[in-house]
Amino acid sequence: MSFIECDLVIENGVVIDPVNNIDQVPLNIAVKDGKILDVFEPSVNTYLAPEWYNASGCYVAPGFIDVHVHCYEHVTSLGVNPDDTCLAHGVTTVVDAGSAGCGTFKGLRKFVMERSHTRVLAFLHISSHGLAAAGCSAEASCGELDSLSHVQLDDCVKCIEENKDVIVGIKIRLSESISNAGANEEEAYRRALTASQRTNLPLMVHHSISTIPLAKDSDAKLSCPGDLRPGDIYTHTFHGHKSTIVDLGQNKLHAVIHKSRQNGVLFDVGHGQGSFSWKVSEIASQEGFYPDLISTDLHSLSVDGPAYDLVTVMSKFLHLGMSLYDIVKAVTSQAATAIGWSDQIGSLSKGKIADITILRLDKGEFMLEDCEDHFRTCKQLLQPVAVWKNGVAFPIKLDTIKQAVKK
(Lines of atoms letter the chains of each structure in order from A and count residues from 1; the text may use other names and numbers.)
(Lines give C-alpha, C1' and ligand atoms only; values in the text may rest on other atoms or scores of the structure.)
Protein backbone atom coordinates (compact mmCIF):
# COMPACT_ATOMS: atom_id res chain seq x y z
CA MET A 1 0.00 0.00 0.00
CA SER A 2 1.28 3.46 -0.87
CA PHE A 3 0.76 6.25 1.63
CA ILE A 4 -0.20 9.87 0.96
CA GLU A 5 1.93 12.37 2.83
CA CYS A 6 0.31 15.24 4.70
CA ASP A 7 1.17 17.58 7.56
CA LEU A 8 -1.50 16.68 10.11
CA VAL A 9 -4.18 14.10 10.75
CA ILE A 10 -6.92 14.77 13.29
CA GLU A 11 -8.35 11.42 14.31
CA ASN A 12 -11.10 9.95 16.49
CA GLY A 13 -13.19 13.12 16.58
CA VAL A 14 -16.89 13.59 15.89
CA VAL A 15 -17.25 15.98 12.98
CA ILE A 16 -19.89 18.69 12.55
CA ASP A 17 -19.67 20.36 9.14
CA PRO A 18 -22.99 21.86 8.01
CA VAL A 19 -21.86 22.71 4.46
CA ASN A 20 -21.35 19.00 3.84
CA ASN A 21 -24.40 17.93 5.89
CA ILE A 22 -22.18 16.16 8.41
CA ASP A 23 -23.83 16.04 11.82
CA GLN A 24 -21.81 14.32 14.54
CA VAL A 25 -20.14 11.68 12.38
CA PRO A 26 -16.84 9.98 13.42
CA LEU A 27 -14.35 11.05 10.75
CA ASN A 28 -10.66 11.85 10.39
CA ILE A 29 -9.23 14.97 8.74
CA ALA A 30 -5.99 15.29 6.78
CA VAL A 31 -4.32 18.69 6.37
CA LYS A 32 -1.55 19.64 3.95
CA ASP A 33 -0.02 23.04 3.15
CA GLY A 34 -2.61 24.87 5.22
CA LYS A 35 -5.57 23.36 3.35
CA ILE A 36 -8.03 20.54 3.98
CA LEU A 37 -6.67 17.55 2.05
CA ASP A 38 -9.33 15.00 2.94
CA VAL A 39 -12.08 14.05 5.36
CA PHE A 40 -12.23 10.28 5.60
CA GLU A 41 -13.53 7.25 7.45
CA PRO A 42 -11.47 6.15 10.47
CA SER A 43 -11.02 2.73 8.87
CA VAL A 44 -9.01 4.29 6.02
CA ASN A 45 -5.27 4.05 6.63
CA THR A 46 -3.62 5.77 3.69
CA TYR A 47 -2.15 8.93 5.22
CA LEU A 48 1.33 9.49 6.57
CA ALA A 49 1.80 12.57 8.77
CA PRO A 50 4.40 13.85 11.24
CA GLU A 51 1.61 15.06 13.54
CA TRP A 52 -1.46 13.15 14.66
CA TYR A 53 -3.99 14.76 16.98
CA ASN A 54 -6.31 12.51 18.98
CA ALA A 55 -9.70 14.25 19.23
CA SER A 56 -11.36 11.40 21.10
CA GLY A 57 -14.41 12.55 23.03
CA CYS A 58 -14.51 15.88 21.21
CA TYR A 59 -16.33 17.58 18.37
CA VAL A 60 -14.37 18.75 15.34
CA ALA A 61 -15.75 21.69 13.35
CA PRO A 62 -14.64 24.32 10.86
CA GLY A 63 -12.83 27.20 12.52
CA PHE A 64 -15.30 29.42 14.33
CA ILE A 65 -16.18 32.85 12.94
CA ASP A 66 -17.28 35.68 15.25
CA VAL A 67 -18.94 38.32 13.08
CA HIS A 68 -19.17 40.98 15.79
CA VAL A 69 -16.17 41.96 17.91
CA HIS A 70 -14.29 45.16 18.69
CA CYS A 71 -10.54 44.66 18.39
CA TYR A 72 -9.12 48.08 17.53
CA GLU A 73 -6.99 47.79 20.64
CA HIS A 74 -5.31 50.92 22.09
CA VAL A 75 -7.24 53.19 19.69
CA THR A 76 -10.84 52.74 20.82
CA SER A 77 -11.89 52.33 24.43
CA LEU A 78 -13.68 49.10 23.56
CA GLY A 79 -10.82 47.37 21.73
CA VAL A 80 -9.55 43.95 22.86
CA ASN A 81 -6.69 41.81 21.58
CA PRO A 82 -8.12 39.28 19.09
CA ASP A 83 -5.39 36.68 19.59
CA ASP A 84 -5.85 36.60 23.38
CA THR A 85 -9.64 36.80 23.46
CA CYS A 86 -10.69 35.03 20.26
CA LEU A 87 -8.06 32.75 18.71
CA ALA A 88 -7.03 31.44 22.13
CA HIS A 89 -10.71 30.59 22.65
CA GLY A 90 -11.19 28.64 19.42
CA VAL A 91 -12.16 31.47 17.04
CA THR A 92 -10.10 31.67 13.85
CA THR A 93 -11.84 34.59 12.12
CA VAL A 94 -13.35 37.74 13.60
CA VAL A 95 -15.07 40.72 12.06
CA ASP A 96 -14.48 44.04 13.76
CA ALA A 97 -17.92 45.64 13.79
CA GLY A 98 -17.41 49.31 13.10
CA SER A 99 -14.55 50.27 15.38
CA ALA A 100 -13.02 52.06 12.40
CA GLY A 101 -14.49 54.40 9.83
CA CYS A 102 -12.93 55.60 6.61
CA GLY A 103 -10.78 58.12 8.48
CA THR A 104 -9.29 55.60 10.91
CA PHE A 105 -9.34 52.36 8.93
CA LYS A 106 -5.69 52.45 7.84
CA GLY A 107 -4.63 52.01 11.46
CA LEU A 108 -6.93 49.03 11.98
CA ARG A 109 -5.45 47.39 8.91
CA LYS A 110 -1.79 48.11 9.71
CA PHE A 111 -1.73 47.62 13.46
CA VAL A 112 -4.40 44.95 14.01
CA MET A 113 -5.18 43.02 10.84
CA GLU A 114 -1.59 42.73 9.64
CA ARG A 115 -0.17 41.92 13.09
CA SER A 116 -2.70 39.41 14.38
CA HIS A 117 -2.60 35.65 14.03
CA THR A 118 -6.39 35.78 14.08
CA ARG A 119 -7.94 36.52 10.70
CA VAL A 120 -9.41 39.99 11.22
CA LEU A 121 -11.95 41.41 8.76
CA ALA A 122 -14.15 44.47 9.20
CA PHE A 123 -17.50 46.14 8.87
CA LEU A 124 -16.60 49.76 8.11
CA HIS A 125 -18.47 52.28 10.23
CA ILE A 126 -20.51 54.78 8.24
CA SER A 127 -19.06 57.49 10.51
CA SER A 128 -15.57 58.53 9.44
CA HIS A 129 -14.03 58.13 12.90
CA GLY A 130 -15.91 54.97 13.85
CA LEU A 131 -15.85 54.37 17.58
CA ALA A 132 -12.72 56.41 18.28
CA ALA A 133 -14.58 58.51 20.85
CA ALA A 134 -17.78 56.67 21.76
CA GLY A 135 -17.99 53.58 23.92
CA CYS A 136 -21.09 51.44 24.32
CA SER A 137 -23.05 54.69 24.51
CA ALA A 138 -22.03 58.33 24.54
CA GLU A 139 -22.87 61.76 25.77
CA ALA A 140 -23.86 64.30 23.15
CA SER A 141 -20.24 65.43 22.85
CA CYS A 142 -18.75 62.22 21.49
CA GLY A 143 -21.38 60.16 19.69
CA GLU A 144 -20.21 59.08 16.25
CA LEU A 145 -23.40 60.39 14.60
CA ASP A 146 -23.72 63.61 16.61
CA SER A 147 -22.67 65.50 13.48
CA LEU A 148 -23.67 64.38 10.01
CA SER A 149 -20.48 66.00 8.72
CA HIS A 150 -18.77 62.80 9.87
CA VAL A 151 -21.01 60.66 7.66
CA GLN A 152 -19.37 61.13 4.28
CA LEU A 153 -20.86 58.65 1.84
CA ASP A 154 -18.31 59.03 -0.95
CA ASP A 155 -15.35 58.70 1.44
CA CYS A 156 -16.86 55.56 2.94
CA VAL A 157 -17.36 53.98 -0.47
CA LYS A 158 -13.83 54.94 -1.55
CA CYS A 159 -12.32 53.30 1.54
CA ILE A 160 -14.27 50.12 0.85
CA GLU A 161 -13.19 50.02 -2.78
CA GLU A 162 -9.55 50.36 -1.68
CA ASN A 163 -9.85 47.56 0.90
CA LYS A 164 -12.18 45.01 -0.67
CA ASP A 165 -9.99 42.16 0.52
CA VAL A 166 -10.78 42.80 4.18
CA ILE A 167 -13.88 45.02 4.41
CA VAL A 168 -16.93 42.76 4.28
CA GLY A 169 -19.72 45.21 5.07
CA ILE A 170 -20.87 48.49 6.59
CA LYS A 171 -21.87 49.17 10.19
CA ILE A 172 -24.15 51.74 11.76
CA ARG A 173 -25.44 52.18 15.30
CA LEU A 174 -28.98 53.48 15.55
CA SER A 175 -29.29 54.79 19.09
CA GLU A 176 -30.37 58.12 20.52
CA SER A 177 -27.29 58.56 22.71
CA ILE A 178 -24.81 58.69 19.83
CA SER A 179 -26.82 60.65 17.23
CA ASN A 180 -27.55 64.13 18.60
CA ALA A 181 -30.38 62.80 20.75
CA GLY A 182 -31.74 60.87 17.78
CA ALA A 183 -31.99 63.85 15.43
CA ASN A 184 -29.43 62.40 13.00
CA GLU A 185 -30.44 58.75 13.08
CA GLU A 186 -32.65 58.59 10.02
CA GLU A 187 -30.35 60.51 7.67
CA ALA A 188 -27.29 58.56 8.80
CA TYR A 189 -29.24 55.32 8.33
CA ARG A 190 -30.28 56.43 4.85
CA ARG A 191 -26.65 57.09 3.94
CA ALA A 192 -25.59 53.71 5.33
CA LEU A 193 -28.24 51.94 3.25
CA THR A 194 -27.02 53.81 0.18
CA ALA A 195 -23.38 52.88 0.88
CA SER A 196 -24.44 49.25 1.21
CA GLN A 197 -26.26 49.40 -2.11
CA ARG A 198 -23.39 51.14 -3.92
CA THR A 199 -20.78 48.65 -2.70
CA ASN A 200 -23.01 45.56 -2.84
CA LEU A 201 -22.04 44.71 0.73
CA PRO A 202 -24.28 43.92 3.71
CA LEU A 203 -25.21 46.51 6.30
CA MET A 204 -24.94 45.49 9.94
CA VAL A 205 -27.24 47.55 12.16
CA HIS A 206 -27.14 48.05 15.92
CA HIS A 207 -30.72 49.11 16.75
CA SER A 208 -31.36 49.84 20.41
CA ILE A 209 -33.00 52.73 22.28
CA SER A 210 -33.62 54.26 18.89
CA THR A 211 -36.04 56.73 17.34
CA ILE A 212 -36.21 54.46 14.28
CA PRO A 213 -39.22 52.12 14.63
CA LEU A 214 -39.05 48.39 13.96
CA ALA A 215 -41.69 48.65 11.23
CA LYS A 216 -43.04 51.55 9.21
CA ASP A 217 -45.77 53.60 10.84
CA SER A 218 -47.72 56.57 9.56
CA ASP A 219 -44.94 59.02 10.43
CA ALA A 220 -41.87 56.92 9.71
CA LYS A 221 -39.83 57.25 6.55
CA LEU A 222 -37.44 54.43 7.46
CA SER A 223 -37.69 51.46 9.82
CA CYS A 224 -35.35 48.79 11.14
CA PRO A 225 -35.34 45.89 10.45
CA GLY A 226 -38.32 46.68 8.22
CA ASP A 227 -36.19 48.47 5.61
CA LEU A 228 -33.21 46.14 5.69
CA ARG A 229 -32.53 44.10 2.57
CA PRO A 230 -31.66 40.44 1.99
CA GLY A 231 -28.25 39.71 3.49
CA ASP A 232 -28.28 42.71 5.82
CA ILE A 233 -27.59 41.89 9.47
CA TYR A 234 -29.69 42.96 12.44
CA THR A 235 -27.35 42.61 15.42
CA HIS A 236 -28.12 42.71 19.16
CA THR A 237 -31.29 40.78 18.31
CA PHE A 238 -32.08 39.70 21.86
CA HIS A 239 -31.56 42.92 23.82
CA GLY A 240 -34.24 43.96 26.27
CA HIS A 241 -34.15 47.73 25.83
CA LYS A 242 -36.41 50.09 23.93
CA SER A 243 -36.61 48.87 20.32
CA THR A 244 -36.58 45.22 21.42
CA ILE A 245 -37.89 42.59 18.99
CA VAL A 246 -40.46 41.47 21.57
CA ASP A 247 -43.82 43.06 22.27
CA LEU A 248 -43.42 42.83 26.04
CA GLY A 249 -47.10 43.53 26.59
CA GLN A 250 -48.06 40.46 24.55
CA ASN A 251 -44.89 38.43 25.28
CA LYS A 252 -44.43 37.63 21.60
CA LEU A 253 -42.28 38.79 18.72
CA HIS A 254 -43.35 41.79 16.69
CA ALA A 255 -44.71 40.63 13.34
CA VAL A 256 -42.07 42.58 11.42
CA ILE A 257 -39.35 40.34 12.86
CA HIS A 258 -40.74 37.21 11.23
CA LYS A 259 -41.47 39.15 8.05
CA SER A 260 -37.92 40.51 7.88
CA ARG A 261 -36.47 37.02 8.24
CA GLN A 262 -38.71 35.84 5.42
CA ASN A 263 -37.32 38.74 3.37
CA GLY A 264 -33.75 37.53 3.92
CA VAL A 265 -32.57 39.71 6.80
CA LEU A 266 -30.07 37.88 9.04
CA PHE A 267 -30.48 38.06 12.81
CA ASP A 268 -27.28 38.13 14.87
CA VAL A 269 -26.79 37.78 18.62
CA GLY A 270 -24.17 40.49 19.30
CA HIS A 271 -24.25 39.68 23.04
CA GLY A 272 -21.97 42.38 24.42
CA GLN A 273 -22.34 44.08 27.78
CA GLY A 274 -25.97 45.07 27.36
CA SER A 275 -27.55 43.25 24.44
CA PHE A 276 -28.66 39.80 25.59
CA SER A 277 -31.76 39.25 27.71
CA TRP A 278 -32.77 35.81 28.90
CA LYS A 279 -36.42 36.92 28.91
CA VAL A 280 -36.35 38.16 25.31
CA SER A 281 -34.43 35.14 24.04
CA GLU A 282 -36.76 32.74 25.84
CA ILE A 283 -39.83 34.37 24.31
CA ALA A 284 -38.19 34.18 20.89
CA SER A 285 -37.17 30.54 21.32
CA GLN A 286 -40.72 29.61 22.28
CA GLU A 287 -41.70 30.81 18.81
CA GLY A 288 -38.87 28.80 17.26
CA PHE A 289 -36.97 32.00 16.49
CA TYR A 290 -33.25 31.35 16.84
CA PRO A 291 -30.37 33.46 15.50
CA ASP A 292 -28.91 33.05 12.04
CA LEU A 293 -25.55 34.22 13.38
CA ILE A 294 -24.08 33.86 16.87
CA SER A 295 -21.56 36.51 17.86
CA THR A 296 -20.15 37.97 21.03
CA ASP A 297 -19.86 41.74 20.53
CA LEU A 298 -16.67 41.10 22.47
CA HIS A 299 -15.06 44.26 23.82
CA SER A 300 -13.34 45.61 26.91
CA LEU A 301 -16.60 45.80 28.87
CA SER A 302 -17.94 42.34 27.94
CA VAL A 303 -14.87 40.10 27.78
CA ASP A 304 -14.79 39.51 31.55
CA GLY A 305 -18.54 38.95 31.55
CA PRO A 306 -21.30 38.72 30.65
CA ALA A 307 -20.22 37.59 27.15
CA TYR A 308 -16.79 36.07 28.01
CA ASP A 309 -16.15 34.38 24.66
CA LEU A 310 -17.92 32.81 21.69
CA VAL A 311 -18.36 29.32 23.11
CA THR A 312 -20.06 30.75 26.21
CA VAL A 313 -22.57 32.60 24.05
CA MET A 314 -23.07 29.42 22.00
CA SER A 315 -23.73 27.52 25.24
CA LYS A 316 -26.58 29.87 26.12
CA PHE A 317 -28.37 28.86 22.94
CA LEU A 318 -27.91 25.19 23.78
CA HIS A 319 -29.82 25.99 26.96
CA LEU A 320 -32.51 27.72 24.89
CA GLY A 321 -33.09 24.56 22.83
CA MET A 322 -31.10 25.33 19.69
CA SER A 323 -29.44 22.20 18.30
CA LEU A 324 -25.66 21.88 18.42
CA TYR A 325 -25.65 21.45 14.64
CA ASP A 326 -27.49 24.75 14.10
CA ILE A 327 -25.29 26.50 16.66
CA VAL A 328 -22.14 25.37 14.84
CA LYS A 329 -23.76 26.38 11.56
CA ALA A 330 -24.32 29.90 12.94
CA VAL A 331 -20.59 30.34 13.65
CA THR A 332 -19.24 28.56 10.55
CA SER A 333 -21.05 28.18 7.24
CA GLN A 334 -23.75 30.82 7.77
CA ALA A 335 -21.23 33.28 9.15
CA ALA A 336 -18.88 32.69 6.21
CA THR A 337 -21.72 33.20 3.74
CA ALA A 338 -22.90 36.36 5.51
CA ILE A 339 -19.49 38.01 5.11
CA GLY A 340 -18.82 36.72 1.59
CA TRP A 341 -16.02 34.34 2.54
CA SER A 342 -17.71 30.97 2.03
CA ASP A 343 -15.37 30.13 -0.85
CA GLN A 344 -12.45 30.05 1.61
CA ILE A 345 -13.62 29.34 5.16
CA GLY A 346 -16.62 27.98 7.05
CA SER A 347 -16.37 24.31 6.05
CA LEU A 348 -14.08 21.29 6.02
CA SER A 349 -14.45 20.75 2.29
CA LYS A 350 -11.38 19.60 0.39
CA GLY A 351 -9.23 22.52 -0.68
CA LYS A 352 -10.64 24.98 1.86
CA ILE A 353 -8.37 26.81 4.29
CA ALA A 354 -7.56 24.51 7.21
CA ASP A 355 -9.23 26.50 9.98
CA ILE A 356 -10.35 23.90 12.51
CA THR A 357 -11.83 24.15 16.00
CA ILE A 358 -12.05 21.23 18.41
CA LEU A 359 -14.41 21.52 21.35
CA ARG A 360 -15.90 19.43 24.06
CA LEU A 361 -19.29 19.53 25.73
CA ASP A 362 -19.08 19.56 29.52
CA LYS A 363 -22.04 18.38 31.59
CA GLY A 364 -22.87 19.83 34.98
CA GLU A 365 -24.44 22.97 36.39
CA PHE A 366 -23.19 26.28 35.03
CA MET A 367 -24.63 29.63 36.03
CA LEU A 368 -24.73 31.81 32.94
CA GLU A 369 -25.84 35.42 33.15
CA ASP A 370 -27.53 37.75 30.72
CA CYS A 371 -26.88 41.48 30.51
CA GLU A 372 -29.55 42.30 33.08
CA ASP A 373 -27.90 40.31 35.89
CA HIS A 374 -30.32 37.41 35.52
CA PHE A 375 -28.92 33.88 35.65
CA ARG A 376 -29.95 30.50 34.31
CA THR A 377 -28.59 27.14 35.45
CA CYS A 378 -27.34 25.54 32.25
CA LYS A 379 -26.64 21.82 32.09
CA GLN A 380 -24.12 21.98 29.24
CA LEU A 381 -21.12 24.17 28.56
CA LEU A 382 -19.02 24.18 25.41
CA GLN A 383 -15.26 24.46 25.87
CA PRO A 384 -12.57 24.94 23.21
CA VAL A 385 -9.87 22.27 23.24
CA ALA A 386 -7.68 22.95 20.20
CA VAL A 387 -7.53 25.28 17.23
CA TRP A 388 -5.73 25.50 13.89
CA LYS A 389 -5.70 28.53 11.62
CA ASN A 390 -4.30 28.02 8.12
CA GLY A 391 -3.21 24.58 9.32
CA VAL A 392 -1.09 26.04 12.14
CA ALA A 393 -1.90 25.12 15.73
CA PHE A 394 -2.37 27.84 18.34
CA PRO A 395 -2.70 27.32 22.11
CA ILE A 396 -6.03 27.41 23.89
CA LYS A 397 -5.97 29.40 27.12
CA LEU A 398 -8.29 27.29 29.23
CA ASP A 399 -7.15 28.98 32.44
CA THR A 400 -8.76 32.24 31.36
CA ILE A 401 -12.10 30.88 30.25
CA LYS A 402 -15.33 31.47 32.14
CA GLN A 403 -14.03 31.02 35.67
CA ALA A 404 -16.77 33.34 36.88
CA VAL A 405 -19.63 31.31 35.44
CA LYS A 406 -18.87 27.90 36.90
CA LYS A 407 -21.03 26.91 39.82
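Residues in the sequence shown are numbered consecutively from 358, following my numbering.
No residue lacks a Cβ here, since even glycine has one placed at the ideal position from N, Cα and C.
Quick caveat: nothing in here was measured; it's all calculated off a predicted structure.
Check: Bridge partner(s) assigned by DSSP for Gly458; Outcome: His482
Check: Rounded distance between the beta-carbons of Asp364 and Ala406, thought under 8 Å; Outcome: 6 Å
Check: Among Phe751, Trp745, Pro752, the one whose alpha carbon lies nearest that of Ile393; Outcome: Trp745
Check: Under the three-state DSSP convention, the category Lys763 falls into; Outcome: Low confidence applies here, because Lys763 scores a pLDDT of 46, under 50, leaving its location unreliable and the question unanswered by this model.
Check: Residue from Asp441, His446, Val437 with nearest C-alpha to Ala465; Outcome: It is Leu, not Ala, that sits at residue 465 in the sequence shown. Among Asp441, His446, Val437, the Cα nearest to that of Leu465 is on Val437.
Check: Top-ranked residue by Cα proximity to Met470, from Leu681, Asp453, Ser484, Leu560; Outcome: Asp453
Check: Where Gln630 falls, given that 16 or more other Cβ within 10 Å makes a residue buried; Outcome: buried
Check: Straight-line gap, Ser690 to Gly662 (C-alpha atoms, nearest Å); Outcome: 27 Å
Check: Among Thr449, Asp390, Arg547, Leu675, the one whose alpha carbon lies nearest that of Glu733; Outcome: Note that residue 733 is Arg in the sequence shown, not Glu. It is Leu675.
Check: Sequence-distant residues of the same chain with beta carbon closer than 6 Å to Asn620, five excluded per side; Outcome: none
Check: Simplified DSSP assignment, three categories, for Met724; Outcome: strand
Check: Proximity to Met679 [Cα-Cα], best of Ile651, Ala387, Val448; Outcome: Ile651
Check: Span of the alpha helix (DSSP H) around Thr694; Outcome: 690 to 695
Check: Residues that DSSP places opposite Ile393 in a beta bridge; Outcome: Val388
Check: DSSP three-state assignment for Asp683, whether helix, strand or coil; Outcome: helix
Check: Which of helix, strand or coil DSSP assigns to Ile524; Outcome: strand
Check: Helix, strand or coil at Phe674 according to DSSP, with G and I counted as helix; Outcome: helix
Check: Local Cβ density within 10 Å of Lys467, reported as buried at 16 or more and exposed below that; Outcome: exposed
Check: Given Lys686 as reference, the closest of Gln381, Val366, His482, Val525 once Cα atoms are compared; Outcome: Gln381
Check: With 16 other Cβ atoms within 10 Å as the buried cut-off, status of Asp576; Outcome: exposed
Check: contact_flag[the region 471 to 480, the region 536 to 549] where n(CB pairs < 8 Å) is 3 or more; Outcome: no
Check: Test item: CB-CB of Ile713 and Gly447 under 7 Å; Outcome: no
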